[in-house]
Each structure stands twice: as structure tokens, then as C-alpha cells.
Amino acid sequence: MKMQLKPSLAYLAALCGTLGMAWGAHADWFYDFQTAPPPSFVTSSNPPSGTFSASAEDGVLHFSDTTPFTSGGPFVADGVETSQVFTDVRLTGTLNPAGTTNNLLLLAARQDSFGSYVAGIAFGDIPGLGVTAGTLSITKNVFPNVVEVVQSSDDSQGNQPALQNLATSYFLQWDLVGDQQTARVFDHEGGTQLLVVHYTDAGVGGLAQTSGVAGMVAIATVDTVDGTFGSVGAAALTEWSYDFQTAPPPSFLIGNVSGSPTFSSSVAGGVLRLFDTSPPPQGGTPIAFALETSVVLMMCGSAGLLIQPERRTTSST
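Now the structure itself:
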């Protein structure tokens with residue numbers, strides 16, 4: 023008789039009061055740019071320019087200026103939704119739907135008078151910022167300075183190859199939870215992931231930005247501001263979520279019920295592993311747990327993916 027373990031996938035659901043996401047009213051906004059956004063959505067250029075324009079129609083927000091920044095035109099254009107302030111937030115947006123830009127197109131989060139974070143794709147090189155065309159980046163700004171830039175091509179991000187087709191659109195999803203951020207680029211919404219950047223604000227150049235408004239930014243690379251955005255939205259994250267590409271914060275506690283000395287845990291490659299080398303009859307723990315202790319939830323639900331061994335018994339002769 024021999025024993026085999028066959029992996030099977032089961033969805034783990036509901037542990038109200040311990041793990042999960044809050045269900046309640048989320049402050050959020052979403053614009054498809056089929057029509058003009060409300061007055062609380064404010065567009066501008068820097069420096070101010072009499073030839074700058076921002077238009078929204080047919081599902082596209084278009085920032086443009088006919089004057090190159092080398093001739094006094096703007097270097098930066100932005101659109102900010104001023105009515106809502108976010109702390110933990112998910113931003114999503116389609117970049118370059120017109121397929122014609124050479125700008126650096128970004129989403130902006132936690133923006134206030136002191137600084138901001140921006141994440142997006144360079145559709146052209148910007149040597150002054152150290153940004154390479156076709157890369158995904160997350161940037162920390164402590165106004166008026168750029169203090170930290172992390173790119174998908176960096177060693178710390180696995181030297182991911184740059185996007186080759188810059189005459190097309192891409193979908194960006196960017197999560198900011200506490201000091202940890204993850205930005206992902208897809209070929210389209212719900213499509214194939216092409217690039218990912220993980221960033222933790224360790225206080226380089228100043229304190230971490232904790233809250234602020236959200237929006238989008240276009241930065242000229244060689245001549246004029248000329249950038250387009252498809253649907254863009256921002257949604258508050260009142261839940262916690264960890265992708266286990268990096269270690270969770272200290273508030274995420276891991277342990278076991280028996281105090282087993284052979285119990286351990288690891289986080290790598292998107293997987294949290296709780297394991298013990300000793301079986302319970304030999305002093306190993308029968309139960310291990312992981313709890314996020316920083317958030318108390320009232321109404322909640324939860325979801326996760328559990329790799330559960332399934333016993334299968336076969337006979338051999």
C-alpha cells in the first residue's frame with residue numbers, strides 16, 4: 023500500500039472577524055470620458071500656457087499643447103479629482119488609447135501640497151528623470167523634487183524587458199496600501215500581465231505620503247505635451263490585501279497553536295507557506311495561522327486560494 027498526495031485547489035471563504043475585506047460604502051470615482059467630468063475634476067498645465075487644452079470625448083481624455091516646452095510651453099499637464107481624498111487606494115486606467123503619444127503617462131495618488139506618488143509608462147525616453155521608453159515606473163515626489171524612481175528594468179524588479187510596441191494602449195492597475203505599492207501593466211483590462219513593479223516607501227527623501235487626491239499626469243519627453251487616457255478610476259481600499267511577492271508588514275502575525283519549535287513560514291514568489299517538519303504526534307503543530315492585526319472589521323467577507331493536499335490511496339502488488 024502506498025500513499026500519494028494529489029494537489030487540488032479549493033476556495034477558502036469567510037472567517038468574519040479575522041480575515042477579510044470590509045463591505046460598506048467606498049469613496050471612489052470613475053470617468054469613462056464619453057462626456058466631460060464634473061467641475062471637481064480640475065485640469066492644468068505647468069507652466070500655465072495659453073495654448074494648452076484638455077478635452078474629453080468618445081472615451082478619451084486628451085491633454086495637448088501646440089507650444090514645445092523648449093519654447094515656453096508646458097512640460098507637465100494633469101487632471102485631478104479634487105472632491106475625494108484617499109489613503110489606501112487602487113487606481114486603474116487605460117494609457118495612450120490614441121496610440122500616438124511620446125509622453126510619460128502616469129496615474130497620480132496621495133497628492134497634496136507636499137508631494138505625491140505617480141506610476142505609469144514612458145512612451146519616450148526622459149534622460150533627465152532617468153526614465154527609459156517602454157518601462158513601468160513608480161516615482162515618489164517631495165515637491166518640488168523627484169526623490170525616488172523604481173523602474174521595471176531595475177535589478178530589484180528582475181530586469182524586465184521594455185514594452186516594444188509603444189503605438190498602442192495599455193491598462194494600468196496600481197495599489198497603494200500603507201507604505202507598500204504594486205503597479206501592474208496589462209495588454210488590456212482583464213488581459214495578460216506584461217510588467218509589474220513593487221515599491222516600499224522606506225522614507226527616502228522624506229516621510230511617506232499617507233493620503234491625498236488622485237488623478238493623471240502627462241509629461242513631455244522631447245517636444246510638446248500630447249497624451250491621451252481612456253477610462254480612469256480610483257477606489258478606496260478599506261480592506262487589506264497582500265500578494266506575497268514581498269513580506270507583509272509587522273502587523274501581519276504568523277504563529278501556531280502548540281508553540282512547535284519546528285514550525286516556520288516563508289513568503290516568496292506570490293506564496294505564503296506555513297509548514298512544520300514534525301507531524302503532530304511528534305510535537306509538531308496541528309494548526310498554523312496568519313492574522314492581520316491592524317484592521318478591525320465589522321461586516322466582512324474574505325477570499326483566498328488554498329492549496330489543500332488530498333489523500334489518495336492506491337494499492338501496489
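Numbering (my numbering), first residue to last: 23 to 339. Using N, Cα and C, we set each Cβ at its ideal position, and we do this for glycine too. This structure is a prediction, so every number in the text was calculated from the model and none was measured.
*For chain C, is any of its Cβ atoms less than 9 Å away from the one on Asn125?*
Chain labels in this structure do not include chain C; a single protein chain is all it has.
In this structure, does DSSP put Leu259 in helix, strand or coil? Along the sequence shown, one-based indexing puts residue 259 at 237. If DSSP states are grouped into helix, strand and coil, Leu259 belongs with coil.
**Message:** If you reduce the DSSP assignment to three classes, tell me which class Leu83 lands in.
**Reply:** Translated into positions along the sequence shown, residue 83 becomes position 61. Strand at Leu83.
Original post:
Should Ala290 go down as buried or exposed, given a rule of 16 or more other Cβ atoms within 10 Å for buried?
Top reply: Reading the sequence shown from its first residue, position 268 is the one you call residue 290. Classification for Ala290: exposed.
**Asked** Which residues bound the beta strand (DSSP E) around Glu314?
**Response** Numbered from 1 along the sequence shown, position 292 holds the residue referred to as residue 314. Start and end: Ala310 to Glu314.
> Quick one: complete beta strand (DSSP E) runs, 3+ long, within the region 198-254?
Replying inline: 202-208, 215-222 and 234-241
### Query
From the DSSP output, which residues share a beta bridge with Phe74?
If you number the sequence shown from 1, residue 74 lands on position 52. In DSSP, Phe74 forms a bridge with Asp87.
Would Leu198 and Gln182 qualify as a contact pair, given that the criterion is a beta-carbon distance under 9 Å? Along the sequence shown, read from residue 1 onward, the residue named residue 198 stands at position 176. Along the sequence shown, read from residue 1 onward, the residue named residue 182 stands at position 160. For Leu198 and Gln182, no; Cβs fall outside 9 Å.
Top-ranked residue by Cα proximity to Val293, from Pro271, Ala240, Gln179 and Tyr264:
Taking the first residue of the sequence shown as 1, we reach residue 293 at position 271. Ranking Pro271, Ala240, Gln179 and Tyr264 by Cα distance to Val293 puts Tyr264 first.
message: On a Cα-Cα basis, can you pick out the residue from Ser75, Gln202 and Met238 that is closest to Leu126?
response: Within the sequence shown, numbered from 1, the residue matching residue 126 stands at position 104. Comparing Cα-Cα distances from Leu126 to each of Ser75, Gln202 and Met238, the minimum goes to Met238.
| said: Can you tell me whether Arg295 is buried or exposed? The criterion is at least 16 other CB atoms within 10 Å of its CB, across all chains shown. | reply: Working through the sequence shown from its first residue, we reach residue 295 at position 273. Arg295 comes out exposed.
*asked:* Within a Cβ cutoff of 6 Å, which residues of the same chain sit near Ile276, ignoring the five residues on either side of it in sequence?
replied: Looking up residue 276 in the sequence shown gives position 254. Same-chain partners within the cutoff: Ser287 and Ala312.
Can you give the Cα-Cα distance for Gly156 and Asp245, rounded to whole angstroms?
The count along the sequence shown starts at 1 and reaches residue 156 at position 134. The count along the sequence shown starts at 1 and reaches residue 245 at position 223. Going from the Cα of Gly156 to the Cα of Asp245 covers about 18 Å.
Suppose you measure from the CA of Pro59 to the CA of Arg206; what does that come to, to the nearest Å? Locating residue 59 in the sequence shown gives position 37, counting from the first residue. Locating residue 206 in the sequence shown gives position 184, counting from the first residue. Between Pro59 and Arg206, the C-alpha separation is close to 26 Å.
Original post:
Pick from Pro166, Gly150 and Leu188: whose alpha carbon is nearest that of Thr122?
Top reply: Against the sequence shown, residue 122 aligns to sequence position 100. Per the Cα distances, Leu188.
Using three-state DSSP, classify Ser282 as helix, strand or coil.
-> Counting from 1 along the sequence shown, the entry for residue 282 is found at position 260. Look at Ser282 here: in three-state DSSP terms it is coil, with no helix or strand label.
May I ask you to report which of helix, strand or coil DSSP gives Gly46?
Here the question's residue 46 lines up with position 24 in the sequence shown. With a pLDDT of only 34 at Gly46, under 50, the local geometry of the prediction cannot be trusted, and no value is derived from it.
When the Cα atoms are used, what is the spatial distance from Trp45 to Pro271? Translated into positions along the sequence shown, residue 45 becomes position 23. Translated into positions along the sequence shown, residue 271 becomes position 249. Unreliable placement is indicated for Trp45, whose pLDDT of 31 sits below 50; no coordinate value is reported for it.
Checklist entry - How big is the Cα-Cα spacing for Phe85 and Lys162? => result What you label residue 85 is simply residue 63 of the sequence shown in a count that begins at 1. What you label residue 162 is simply residue 140 of the sequence shown in a count that begins at 1. In a straight line, the C-alpha of Phe85 is about 23 Å away from that of Lys162.
Notebook entry, point to check: Alpha carbon to alpha carbon, how far is Ile160 from Ala184?
Noted result: Counting from one through the sequence shown, the residue named residue 160 turns up at place 138. Counting from one through the sequence shown, the residue named residue 184 turns up at place 162. Cα to Cα, Ile160 sits roughly 15 Å from Ala184.
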